[in-house]
Amino acid sequence: MIIVHHLENSRSQRILWLLEELGLPYTVKRYARCPRTMLAPPELRRVHPLGKSPVIQDDKLVIAESGAIVEYLVEKAGGRLGAPADQCGTLRYRTFLHYAEGSLMPPLLALLVVRRLGLLGRPARKPLLSMFHRHLEWCDAELSGRPYFAGQELTAADIMMSFPLEAAKQRAGLTPEYHHLWDWLERIHARPAYKAALKVGGKYDFA
């Protein structure tokens, strides 16, 4: 049985969603953030040295990092929600699977730090938002010709993209102006597996 070490309001919510979509059996161990620092509790370091979420356990395997977990689970499910069969779809799948954490999350994290700095961070906010909006413009354009990031069907690439784009809606200017992205968010939030994962995961402010 897969165990998901799940931190509230974190990237691990999308792992629960993926598991629901794949129909793989799992259990959840929940962790609350420290109210003062909003960081993960020290108990997570007993599971993995980095002390971060998501982490999953499957028999004797302990796997960290969202992308690695997603690839492992897709493979475990026989390739379901993996790359489309066509070459272009496969390339898009690989691109967005890694782009979500490699390119889209860093400016979001920088914006979070800048906001917490208050007046000291204000000079950096405008250039960071400008840079991030280039990401939003590109993602929106990518969805102008297809319903999902890799092609016509939902894949694990969409699941990886969900957290940064949900966070962008909350704090980085993803408004209905980006109507393809906005429609995509509504589309994924309407999925039964997404709703089921919310019930399992508990507190998640980004949906």
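So for the sequence shown, numbering that gives the first Met the number 0 puts the first residue at 0; every next one is plus one. Just so you know, even glycine gets a beta-carbon here, dropped at the ideal spot from N, CA and C.
Three-state class that DSSP yields for residue i in the structure shown
i    : result
K5   : Looking at the sequence shown, residue 5 is not Lys but His. Reduced to three states, the DSSP call for H5 is strand.
R170 : helix
K202 : coil
H47  : coil
F162 : helix
L38  : coil
L142 : coil
Y193 : helix
Which listed residue (the options) has its alpha carbon closest to that of residue i
i    : options                   : result
P163 : A196, L108, G150 and D182 : L108
V27  : E64, C33 and V3           : V3
C87  : K202, H188, D139 and R145 : R145
S161 : R35, P83 and L15          : L15
P48  : L103, V61 and M37         : V61
A70  : L111, P106 and R13        : Before going further, note that residue 70 is Glu rather than Ala in the sequence given. Looking at the Cα atoms, R13 is the closest of the given residues.
D204 : S9, L38 and Y92           : S9
S207 : D57, L6, L127 and D85     : There is no way to answer for residue 207, as the model of the chain reaches only from 0 to 206.
P34  : L6, D57, V46 and Y25      : L6
D157 : A84, D182, A31 and Y92    : Y92
M159 : Y30, A195, M104 and T89   : M104
A84  : S143, M130 and T154       : T154
T247 : L111, L180 and L90        : The structure shown does not extend to residue 247, since the chain spans only 0 to 206, so no value can be given for it.
G207 : R124, S129, W183 and P175 : No answer is possible for residue 207: it lies beyond the span of the chain, which begins at 0 and ends at 206.
First through last residue of the beta strand (DSSP E) which encompasses residue i
i   : result
R13 : Careful: R13 lies outside any beta strand (DSSP E), inside the alpha helix (DSSP H) at S11 to L21.
R29 : Y25 to Y30
First and last residue of the uninterrupted alpha helix (DSSP H) at residue i
i    : result
H188 : H178 to H188
Decide if the region 65 to 77 is in contact with the region 13 to 33; the criterion is three or more beta carbon pairs, one per stretch, under 8 angstroms apart.
yes
For the region 52 to 121, which segments carrying the alpha helix (DSSP H) assignment without a break, of at least 4 residues, lie completely within its bounds, in sequence order?
65 to 75, 86 to 98 and 104 to 115
Whether or not the region 114 to 121 and the region 50 to 58 are in contact is what I'm after, with contact meaning three or more pairs of Cβ atoms, one per stretch, closer than 8 angstroms; do they touch?
no
If contact is defined by three or more beta carbon pairs under 8 angstroms, each pair taking one atom from either stretch, is the region 59 to 75 in contact with the region 130 to 140?
no
Is there contact here, the region 34 to 45 with the region 59 to 68, by at least three beta-carbon pairs under 8 angstroms?
no
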